[in-house]
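**Student:** Right, I'll just put the structure down here and ask away after.
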Amino acid sequence: MSDHLAPHWDSAALVVIDMQADFTGIEGTVEVIPQVGALASAFRAAGRPIVHIVRLYAPGSDDIDLPRRALDNPPVAPGSPGSEIIAGLPGPVPLDPALLLSGRPQTVGDDEIVLFKPRWGAFYRTDLEAWLRERGVDTVVVAGCNLPNCPRATLFEASERDFRTVIVSDAVSQTSGERLADLASIGVQVLSVGAVADSLPG
2 MSDHLAPHWD SAALVVIDMQ ADFTGIEGTV EVIPQVGALA SAFRAAGRPI
52 VHIVRLYAPG SDDIDLPRRA LDNPPVAPGS PGSEIIAGLP GPVPLDPALL
102 LSGRPQTVGD DEIVLFKPRW GAFYRTDLEA WLRERGVDTV VVAGCNLPNC
152 PRATLFEASE RDFRTVIVSD AVSQTSGERL ADLASIGVQV LSVGAVADSL
202 PG
């Protein structure tokens with residue numbers, strides 16, 4: 002593995018994408034909940050940062066992406082039960098829609114935050130990069146819902162910013178061999194929850 006691609010586990014952060022109640026109907030998302038939970042627990046035990054990325058579709062907002070803009074009742078409406086992070090990830094912490102929509106992070110634990118993203122990728126029009134850089138992070142580990150859309154976009158954006166990148170193949174919904182091979186071709190490391198947990202410091 003190239004020295005430029007190898008994860009630096011002592012400077013890694015976990016980015017969990019769109020694990021919200023309204024998205025549990027997306028194929029494979031319910032099935033990865035235990036693995037995402039185990040991964041988050043491993044990062045907490047290692048004292049490494051965690052960012053939970055969420056969508057919030059305010060009716061009529063330009064932040065609703067085009068494929069969903071025509072829906073009468075878009076999912077993850079701010080303040081709705083469907084917008085909440087799935088129980089246990091990170092826990093029973095109600096989201097603060099006003100805070101999140103302002104672009105500010107909501108703290109839910111030690112070096113653990115929730116951050117709103119207005120589009121597919123978690124770095125687009127957010128403070129994610131600055132928050133990670135402040136903590137010396139150079140390796141981004143991605144899990145969540147669902148690979149063709151937001152995790153994939155986030156990994157491309159991370160690579161464009163010279164972060165080392167990892168996708169946790171058994172903690173992301175709608176993976177396939179072809180999709181994972183496409184990511185590996187741009188230098189994303191494809192690893193399992195077990196492999197990541199065993200590699201973390203401590």
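Each residue of the sequence shown is one higher than the one before, starting from 2 at the first, in my numbering. Cβ coordinates follow ideal geometry from the N, Cα and C atoms, glycine included. Since this is a predicted model, take the numbers as computed values, not measurements.
1. Roughly how many angstroms lie between the CA atoms of Gly38 and Gly89, to the nearest whole one?
2. Closest to Arg105 by C-alpha separation, out of Ala41, Gly195, Arg126, Glu32, would be which residue?
3. Using a Cβ-Cβ cut-off of 8 Å (strictly less than) and excluding sequence neighbours within five positions of Pro75, which residues of its own chain qualify?
4. Are Val142 and Gln36 touching if we call contact CB-CB under 8 Å?
5. Mapping DSSP to helix, strand and coil, what is Gly110?
6. With 16 as the cutoff for other CB atoms within 10 Å, does Ile187 come out buried or exposed?
7. Between the Cα of Val52 and those of Ser200, Val189, Gln175, Leu116, spot the shortest distance and give me the residue it belongs to.
8. From Gly178 to Val197, what does the alpha carbon distance come to, in whole angstroms?
9. Please say whether Cys146 and Ser170 have beta carbons closer to each other than 8 Å?
10. Can you tell which of Asp199, Arg136, Phe124 has its C-alpha closest to the C-alpha of Thr151?
11. Throw me the rounded Cβ distance for the Pro50 and Glu113 pair, which I believe falls under 8 Å.
12. Measuring CB to CB, does Leu101 end up less than 8 Å from Val55?
13. Rounded to the nearest angstrom, what separates Pro98 and Leu129 at their Cα positions?
14. Do you know offhand how far Asp23's Cα is from Glu32's?
15. Exposed or buried, Ser3, counting other C-beta atoms within 10 Å across all chains shown (16 or more means buried)?
16. Taking the alpha carbon of Leu148 as the point to measure from, which residue in Arg136, Ala182, Ala47 has its own alpha carbon closest?
**Tutor:** The relevant details are as follows:
1. 7 Å
2. Arg126
3. Tyr58, Pro60, Ile65, Arg69
4. no
5. strand
6. exposed
7. Leu116
8. 19 Å
9. no
10. The amino acid at residue 151 is misidentified as Thr; the sequence shows Cys. Comparing Cα-Cα distances from Cys151 to each of Asp199, Arg136, Phe124, the minimum goes to Phe124.
11. 7 Å
12. yes
13. 17 Å
14. 15 Å
15. exposed
16. Ala182
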